[in-house]
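Inspection log for the structure reproduced underneath, given as structure tokens.
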Amino acid sequence: MGDEGKGKIVDYLSKDYDIIARFGGGDNAGHTLFKNGKKIVLHNIPSGILNKDVLNVIGNGCVINPISFKAEVEMLMENGVDVSNIVISDRAHIITPFHIKWDAYNESKLGNNKIGSTLKGIGPCYTDKTSRKGLRVRDIQEPDFSSWGVRMMQQTKLPFNPPNLTEFYKACEFMRKFRIEETHILINKALDKGQRVLAEGAQAFGLDVDFGTYPYVTSSVTSTGGVCQGLGVSPKLIGNIYGVVKAYYTRVGNGPFITELFDDVGDEICEVGKEFGSTTGRKRRCGWLNLDELKEAIMVTGTSDIILTKVDVLEGFDEVKVLSDGELISFPGWNTTSHKDVELDHFLETIKNILGIPFKLISHGPERDDIYWGVTIK
Ligand code: GDP
4 MGDEGKGKIV DYLSKDYDII ARFGGGDNAG HTLFKNGKKI VLHNIPSGIL
54 NKDVLNVIGN GCVINPISFK AEVEMLMENG VDVSNIVISD RAHIITPFHI
104 KWDAYNESKL GNNKIGSTLK GIGPCYTDKT SRKGLRVRDI QEPDFSSWGV
154 RMMQQTKLPF NPPNLTEFYK ACEFMRKFRI EETHILINKA LDKGQRVLAE
204 GAQAFGLDVD FGTYPYVTSS VTSTGGVCQG LGVSPKLIGN IYGVVKAYYT
254 RVGNGPFITE LFDDVGDEIC EVGKEFGSTT GRKRRCGWLN LDELKEAIMV
304 TGTSDIILTK VDVLEGFDEV KVLSDGELIS FPGWNTTSHK DVELDHFLET
354 IKNILGIPFK LISHGPERDD IYWGVTIK
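Right under this line is the structure:
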């Protein structure tokens, strides 16, 4: 649930697209890519950024933290990445230092029932959006923005000391120099011209505010419906829908997890798969793939193809299991280095038949080109 390697897959697919667009969430996402062997973790910026030929859009459905945006851009520049192809929606909401303080405050009040928030201020920012008192990217372009902090503090009674806003203002100033546009118009015009747009999801179906394991969910719509609203495109324009799925299941923080492993096998998956959150560094809970939940996700999202990742992590295991119709089915482990593996083929073929949709890609390593095409690895 999250951390399937969506970033790597978007980076890989970006060569076939003109625009990569994030449609929801904020820097609670952590998408890991590799550039010439160097690890790059993205939080706000779409995963097409390493491909200089694509435009990277942060859509209206996103929330954006100017401080972490600035740090991310500077990190990319240090790594020689061109950042001139970023466009930010004027309607995206801004995560302020107040939101981050609210997040910590709210979570501290929950005691043992913590949501497992990444404490990035995402929830409070979306709350302000729906309460119609949020700060939008277009607001930082206004001449009276410098007095925004004072106005905020006059309006709201805070249960904590007010945050220092110096770094925030500096980061907003930095962000203002980027292209800030009505990205829904930009995207629709691009589609009219026949350009290809890939909407990049964040978090996971199981964390969707409606369909996920509420209340242990994120505060945005992570499934396909979020694409239309978060980018301003009609459902009629949506083409293929790729579901990125990990060959096993993980979860960070609290919430239900039927196939969770509490034994050595779970620990081994965690260790081999390096299952520590790229945003929080927290150890992820590990277990077997749950095809019953996956079927529901495919139904609601309309997924047309599965992209299966991290098959290499289960390599060499005596036994690999998946949950289907409430029962665990067992498979022998496999060997991904051979490019021709009967056990992996059998695993993929069985899952494909249960889910009723094809595999588009199989990922067997963190690097961009650790990819097999098609249903089987032959
Ligand atoms: P995202 O949020 O879905 O983009 O996923 P993260 O970047 O948080 O976590 C995925 C982790 O798995 C990253 O460290 C990736 O480098 C790594 N990764 C992606 N695909 C594969 C794969 O097929 N095999 C292995 N072993 N690691 C992968």
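Residue numbering for the sequence shown is 4 to 381, as defined by the numbering used here. All residues carry an ideal CB built from backbone N, CA and C; glycine is no exception. Fair warning: this is a prediction, and the values are worked out from it, not measured in the lab.
query	result
Three-state secondary structure (DSSP) of A205	coil
DSSP state of T283 mapped onto helix, strand, coil	coil
V57 versus R139 - alpha carbon distance	25 Å
Nearest candidate by alpha-carbon position, reference E81, set S120, H349, V66 and K38	K38
N- and C-terminal bounds of the alpha helix (DSSP H) containing C128	I125 to T133
Own chain partners of F279 with C-beta closer than 6 Å, once the 5 adjacent residues on each side are dropped	K286
For T130 and T99, the rounded distance between their alpha carbons	13 Å
Exposure label - L420; buried when at least 16 CB within 10 Å	The requested residue 420 does not occur in the structure, where the chain is confined to residues 4 to 381.
Where the beta strand (DSSP E) containing L88 begins and where it ends	For the record, residue 88 in the displayed sequence is Asn; it is not Leu. First-last for N88: undefined, no H or E at that position.
Residues near V378 in its chain [Cβ-Cβ closer than 7 Å; skip 5 each side]	Note that V378 has pLDDT 46, beneath the 50 cutoff, so the model's placement of it is unreliable and no number is given.
Complete beta strand (DSSP E) runs within the stretch 298 to 362 (minimum length 3 residues, chain order)	308 to 312, 322 to 327 and 330 to 335
Continuous beta strand (DSSP E) stretch holding V247: start and end	Y245 to K249
Cβ-Cβ separation, L331 to W291 (assumed contact under 8 Å), whole Å	7 Å
Residues bridged to L45 [DSSP beta-bridge criterion]	H34
Straight-line gap, S134 to G336 (C-alpha atoms, nearest Å)	50 Å
Three-state secondary structure assigned by DSSP to I190	helix
Close Cβ partners of G27 (< 7 Å) along its chain, the five nearest in sequence each way excluded	G64, C65, A205, S223, V224, T225, G229 and G233
Alpha helix (DSSP H) segment containing G228, residue limits	T227 to L234
P369 beta carbon near the ligand GDP (any heavy atom closer than 7 Å)	yes
Where Y172 falls: helix, strand or coil (DSSP)	helix
Test item: CB-CB of Y375 and I310 under 8 Å	no
First and last residue of the uninterrupted beta strand (DSSP E) at L58	L58 to I61
Residues near M156 in its chain [Cβ-Cβ closer than 7 Å; skip 5 each side]	P165
Local Cβ density within 10 Å of D344, reported as buried at 16 or more and exposed below that	buried
G8 - containing beta strand (DSSP E), residue span	Taken as a continuous stretch (DSSP letters only), G8 belongs to no beta strand (DSSP E), as it is neither H nor E.
Of the listed residues A32, I241 and N257, nearest to R216 (C-alpha basis)	Looking at the sequence itself, residue 216 is Thr, so the reference to Arg does not match. Here the closest residue by C-alpha is N257.
Cβ-based burial, R154 [other Cβ within 10 Å; buried from 16]	exposed
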